[in-house]
Amino acid sequence: MSGSIIATRREVADLAGVSEATVSRVMNGVGPIKEETRIRVLDAANQLGYVPSNLARSFARRKSGNIGVVLPYIPKARLFSSYYFSEILSGMGNTVREQGYDLLVLFRSGEDTPEYESFFRMQKVDALVVLGAKDEPGEREALRKLREARHPFIVVNQHFDGENFPEVDVDHEEGSRMAVEHLMDQGYRSIAFLNGPLTYSNSLDRFKGFEKALQQRGLEPDDRLLFEGNFGRRSGYAIGDDIAKRIDEVDAVFVANDRMAVGLLQRLRELLPDQERFPAIVGYDDSDSADICVPPLSSVRVPFYEMGELAARLMLTACEDSSNGAEVFKEHPRYLLQAELIVRDSSKKRTGG
Numbered sequence: 151m152s153g154s155i156i157a158t159r160r161e162v163a164d165l166a167g168v169s170e171a172t173v174s175r176v177m178n179g180v181g182p183i184k185e186e187t188r189i190r191v192l193d194a195a196n197q198l199g200y201v202p203s204n205l206a207r208s209f210a211r212r213k214s215g216n217i218g219v220v221l222p223y224i225p226k227a228r229l230f231s232s233y234y235f236s237e238i239l240s241g242m243g244n245t246v247r248e249q250g251y252d253l254l255v256l257f258r259s260g261e262d263t264p265e266y267e268s269f270f271r272m273q274k275v276d277a278l279v280v281l282g283a284k285d286e287p288g289e290r291e292a293l294r295k296l297r298e299a300r301h302p303f304i305v306v307n308q309h310f311d312g313e314n315f316p317e318v319d320v321d322h323e324e325g326s327r328m329a330v331e332h333l334m335d336q337g338y339r340s341i342a343f344l345n346g347p348l349t350y351s352n353s354l355d356r357f358k359g360f361e362k363a364l365q366q367r368g369l370e371p372d373d374r375l376l377f378e379g380n381f382g383r384r385s386g387y388a389i390g391d392d393i394a395k396r397i398d399e400v401d402a403v404f405v406a407n408d409r410m411a412v413g414l415l416q417r418l419r420e421l422l423p424d425q426e427r428f429p430a431i432v433g434y435d436d437s438d439s440a441d442i443c444v445p446p447l448s449s450v451r452v453p454f455y456e457m458g459e460l461a462a463r464l465m466l467t468a469c470e471d472s473s474n475g476a477e478v479f480k481e482h483p484r485y486l487l488q489a490e491l492i493v494r495d496s497s498k499k500r501t502g503g
């Protein structure tokens, strides 16, 4: 058949000697089909160059063809310019497109208990990836409903103690431990910590790593040197005032993400023109801004793109293969990736001080 002519299901059925309904069942993997018949239909389809449309396949499978991804709704926030969200979404998007699916972005409502299950009832999505979740009662309840209904879903970069939700995460405790250990290896001992909100499990994990690194050297966290921001650059900038007031007590700062670290660097440069008093700083994420700020920022590299890829692959498996898809729902299925410390000028030992 000429490459310029699109083969039809009727032509495949005629060549294979079966009905159009049988062709549809074979191509969409639904219903009981004899192996001999399946092979005959596939051979005919290959010979004719027949490819069913994604829309037709979605109808046949009673599926939407969408992998949903839930993002937090933050008014006026530039979520898609955030390194964290853009990297994860890129990893997910590239992976699902390769399998003929689309990525449907959904924003979390302001309700106490999000209605995630409604996305499945309304056939908007075949699987759901939840980003930016907080450990709050309503969030737990919404995820429990998904689990009880056996809907394919996975939580990315958030852990819920005591639950068995499918999760893709990073070992933030170890990443933080490496960062603080590096600072101590450079000779720093009075280390402040600028963390994010404790409603996020990764903030709790980062504190555990911070504390563990200090305790391994016989030290304890100083409550006066513990600060909390909201992961935004402006919060890092604002807390720069508090850290500058205690600069005689601080020789290094570990910051829970790069955006806050960049804001902190900016403010401290304004307040501390004397470079001899400037603290060493290590950020977290290794975002694009880390190696272009002044000085270049040491940071813990988090494989966000790979997290997105893995979450998407797990959801595609759950959608396409019911037998293997059950693996997603095994007891406490937590997929944990590793972080890596990237050392730049911001944390290197000062000379002549």
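Numbered per my numbering, the sequence shown spans residues 151 to 503.
Just so you know, even glycine gets a beta-carbon here, dropped at the ideal spot from N, CA and C.
For clarity, every value in this text was computed on a predicted model and none was experimentally measured.
So, are the CB atoms of G413 and G433 less than 8 Å apart?
-> no
Determine, using beta-carbon pairs with one atom in the region 314-325 and one in the region 337-348, whether at least three such pairs fall under 8 Å.
-> no
Have a look at H301 and P264 and give me their C-alpha separation to the nearest angstrom.
-> 15 Å
Quick one: what's Y485 bridged to in DSSP?
-> V318
Grab the span of the alpha helix (DSSP H) containing R294 for me, first residue to last.
-> P287 to E298
Is it true that the CB of R367 sits closer than 8 Å to the CB of Q334?
-> Rather than Gln, the amino acid found at residue 334 in this sequence is Met. In this structure, R367 lies closer than 8 Å to M334 by Cβ.
Once you ignore the five residues that flank F257 on each side, which residues in its own chain have a CB closer than 8 Å to its CB?
-> V220, L221, P222 and Y223
Exposure label - R409; buried when at least 16 CB within 10 Å | buried
Can you say whether V400 is buried or exposed, counting buried as having 16 or more other CB atoms within 10 angstroms of its CB?
-> buried
What does DSSP give as the partner residues of I431 in its beta bridges?
-> V403
Hey, how far is the Cα of K499 from the Cα of R297?
-> 49 Å
Tell me whether V412 sits in a helix, a strand or coil according to DSSP, three-state version.
-> helix
Using the beta-carbon count (16 or more within 10 Å), is R259 buried or exposed?
-> Note that residue 259 is Ser in the sequence shown, not Arg. Exposed is the call here.
Does the beta-carbon distance from M465 to I304 come in below 8 Å?
-> yes
Delimiting residues of the alpha helix (DSSP H) encompassing N352 | S351 to Q366
The beta strand (DSSP E) spanning G218 covers which residue range?
-> N216 to L221
Hey, G337 and V450: beta-carbon distance below 8 Å or not?
-> no
Nearest candidate by alpha-carbon position, reference E161, set G199, E420, R188 and V330 | G199
With a CB to CB cut of under 8 Å and the five nearest residues on each side skipped, what residues in its chain are close to G288?
-> E261, D262, T263 and P264
Would you report the Cα separation of D311 and Q425, rounded to the nearest angstrom?
-> 43 Å
Please state whether DSSP places V162 in a helix, a strand or coil.
-> helix
Distance, V280 Cα to R271 Cα | 17 Å
Burial state of I238 (16 or more Cβ within 10 Å) = buried
What three-state label does DSSP hand V191 in the structure shown?
-> helix
Around the C-beta of A440, are 16 or more other C-beta atoms found within 10 angstroms, so that it is buried, or is it exposed?
-> buried
Find the nearest neighbour of A394 within the set F404, E370, N380 and L422, judged by alpha-carbon distance.
-> L422
Taking buried to mean at least 16 other C-beta atoms within 10 Å of its own C-beta, is Q273 buried or exposed?
-> exposed
Can you tell me the Cβ-Cβ gap for S232 and G458, rounded? I've got them flagged as a contact below 8 Å.
-> Their Cβ separation, rounded to whole angstroms, is 13 Å, which puts S232 and G458 out of contact at 8 Å.
Just grab the DSSP bridge partners of L256 for me.
-> V220
For the alpha helix (DSSP H) containing L118, list its first residue and its last residue.
-> This structure cannot settle anything about residue 118, because the visible part of the chain is limited to 151 through 503.
Just to confirm, are L418 and G390 a CB contact at a threshold of 8 Å?
-> yes
Whole-angstrom distance between G215 and G250, CA atom to CA atom | 8 Å
State the beta-bridge partners of D244 as determined by DSSP.
-> The question names Asp, but residue 244 is Asn in the sequence shown. In the DSSP output, where bridge partners are listed per residue, N244 has none listed.
Three-state secondary structure (DSSP) of N345 = strand
Below 8 Å on the Cβ atoms is my guess for I217 versus D164; work out the distance and round it to an integer in Å.
-> Actually they do not touch by this definition, with Cβ atoms about 36 Å apart.
Closest residue to F428 among D436, D438 and P445 (Cα-Cα distance) | P445
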